[in-house]
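Contents: one structure, followed by commentary.
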Amino acid sequence: MARKSSTTEIQPMPEINSQAFQEDATALTVLGDIAQGMQEERDLVNQLLGQAQMAGAFEDFSRTVRTSKLAYVKETKLYRAIAGKKNPHGAEILSGTWEEFCNLLGRSVDQVDRDIANLRAFGEEALESMSRMGIGYRELRQYRKLPEDQKTALLEAAKSGDKDAFVELAEELIAKSAKDKEALAQQLDNVNADYEAQSQVLADTSSKLQDTKLELEKTRRLVAARTADEKVIAIREEATKLATEAEAAVVCKLRPAVEALVAHADEDGADHRAVIAGLLAQVERAVSSIRVEYGIPSTPDSDATPEWMREDADTQVAQSLARA
Numbered sequence: 001m002a003r004k005s006s007t008t009e010i011q012p013m014p015e016i017n018s019q020a021f022q023e024d025a026t027a028l029t030v031l032g033d034i035a036q037g038m039q040e041e042r043d044l045v046n047q048l049l050g051q052a053q054m055a056g057a058f059e060d061f062s063r064t065v066r067t068s069k070l071a072y073v074k075e076t077k078l079y080r081a082i083a084g085k086k087n088p089h090g091a092e093i094l095s096g097t098w099e100e101f102c103n104l105l106g107r108s109v110d111q112v113d114r115d116i117a118n119l120r121a122f123g124e125e126a127l128e129s130m131s132r133m134g135i136g137y138r139e140l141r142q143y144r145k146l147p148e149d150q151k152t153a154l155l156e157a158a159k160s161g162d163k164d165a166f167v168e169l170a171e172e173l174i175a176k177s178a179k180d181k182e183a184l185a186q187q188l189d190n191v192n193a194d195y196e197a198q199s200q201v202l203a204d205t206s207s208k209l210q211d212t213k214l215e216l217e218k219t220r221r222l223v224a225a226r227t228a229d230e231k232v233i234a235i236r237e238e239a240t241k242l243a244t245e246a247e248a249a250v251v252c253k254l255r256p257a258v259e260a261l262v263a264h265a266d267e268d269g270a271d272h273r274a275v276i277a278g279l280l281a282q283v284e285r286a287v288s289s290i291r292v293e294y295g296i297p298s299t300p301d302s303d304a305t306p307e308w309m310r311e312d313a314d315t316q317v318a319q320s321l322a323r324a
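For the sequence shown, counting from 1, position 42 maps to 42 in UniProt numbering; every step adds exactly one.
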């Protein structure tokens with residue numbers, strides 16, 4: 001028995017709203033343009049981020065490659081382009097900070113900044129060589145503190161790749177630098193000590209000068225208020241006092257110094273006579289200059305004969321007893 005044929009009814013397509021379709025297409029185009037502009041910076045930072053992460057997987061031989069990428073990102077502030085990206089280690093949205101960028105690499109800001117500082121201090125070639133030698137952060141920090149000339153010599157040694165020679169030179173330079181710093185510190189201490197001593201001497205001198213001025217002014221006022229005879233007596237008393245002090249300085253200070261020189265000469269056979277003669281001549285010259293300048297005789301009067309040997313000695317003694 002033959003099957004009865006059937007006819008499939010074709011439903012007509014709904015009419016397309018061309019205006020709405022055009023509006024949707026235009027909106028998609030605009031959104032695409034906006035997304036494209038935002039995507040360019042993100043693509044760049046994501047590319048650099050990916051390169052840095054890849055370099056991190058080869059730590060032993062590509063630390064400088066990764067660090068140079070990170071230095072570029074930090075200098076140009078490209079890390080800001082991660083703003084709005086979801087943190088892969090949590091649910092929060094990134095705000096685009098340098099710390100967040102470092103954390104995406106599993107590194108702290110201090111670690112990355114330290115790597116960048118080492119790269120800038122030593123250069124890629126030397127840093128790569130030191131990395132292969134197994135030089136750690138502590139040693140690199142010491143090397144950064146070396147003077148420029150010593151650092152340059154160390155970097156040249158690092159490029160040779162000879163670890164033993166490099167370590168030996170590094171230890172020698174560090175020891176020399178420490179010794180130089182100690183010497184400079186000692187010089188600074190000496191300079192400070194000299195400065196303090198000079199300041200104290202100046203202060204003492206200024207104080208003594210001020211005291212002398214006050215004493216002179218006091219004397220001047222006292223002299224101005226005295227009679228003629230009183231003035232003469234006061235001036236003579238002051239002069240006698242000063243002469244006594246000068247004599248005491250010679251007897252109590254200069255004489256012991258001369259005695260010490262003589263004793264040393266007796267013990268060790270050294271000849272200090274020229275030195276002693278110079279000291280005495282210095283004092284005598286000071287006294288002689290006063291005598292010459294004011295025409296003072298070498299004795300209290302013109303007769304150099306001692307008073308007790310003079311013809312009128314008995315009369316002078318009797319007068320003195322009478323005054324007493």
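Ideal Cβ positions, reconstructed from N, Cα and C, are used throughout, including at glycine.
Pairing residue 94 with residue 103 gives a Cβ-Cβ distance that is not under 7 Å. The shortest C-alpha to C-alpha distance from residue 136 to any of 216, 111, 276, 191 is the one to 111.
For residue 118, the uninterrupted alpha helix (DSSP H) segment begins and ends at 109-122.
Going by beta carbons, residue 261 and residue 272 fall inside the 7 Å limit. With contacts defined by Cβ atoms closer than 7 Å, residue 125 and residue 159 form a contacting pair. One alpha carbon belongs to residue 270, the other to residue 236, and they sit about 44 Å apart. Your pair residue 258 and residue 276 checks out as a contact, with CB atoms roughly 5 Å apart and the cut at 8 Å. When DSSP states are grouped into helix, strand and coil, residue 290 belongs to the helix group.
Its Cα nearest to that of residue 79, the residue 98 stands out among 71, 98, 69.
Per the DSSP secondary-structure output, residue 93 pairs in a beta bridge with 86. One alpha carbon belongs to residue 90, the other to residue 152, and they sit about 45 Å apart.
Bounds of the alpha helix (DSSP H) holding residue 160 are 148-160. By the Cβ criterion, the stretch 159-173 is in contact with the stretch 129-149, since at least three pairs of Cβ atoms, one from each stretch, lie closer than 8 Å. The C-alpha of residue 265 is placed about 12 Å away from the C-alpha of residue 274. Under the three-state reduction of DSSP output, residue 207 falls in the helix class. Nearest Cα to residue 281 within the set 47, 254, 43: 254. A Cβ-Cβ separation of about 7 Å places residue 81 in contact with residue 96 under the 8 Å criterion. Nearest neighbour of residue 243 by Cα position, chosen from 287, 204, 221, turns out to be 287. When the alpha-carbon of residue 170 is set against those of 142, 180, 189, the nearest one is in 142. Scanning the stretch 167-250 for uninterrupted alpha helix (DSSP H) segments of 4 residues or longer gives 228-249, listed from N- to C-terminal end.
Here the alpha carbon of residue 189 sits roughly 42 Å from the alpha carbon of residue 75.
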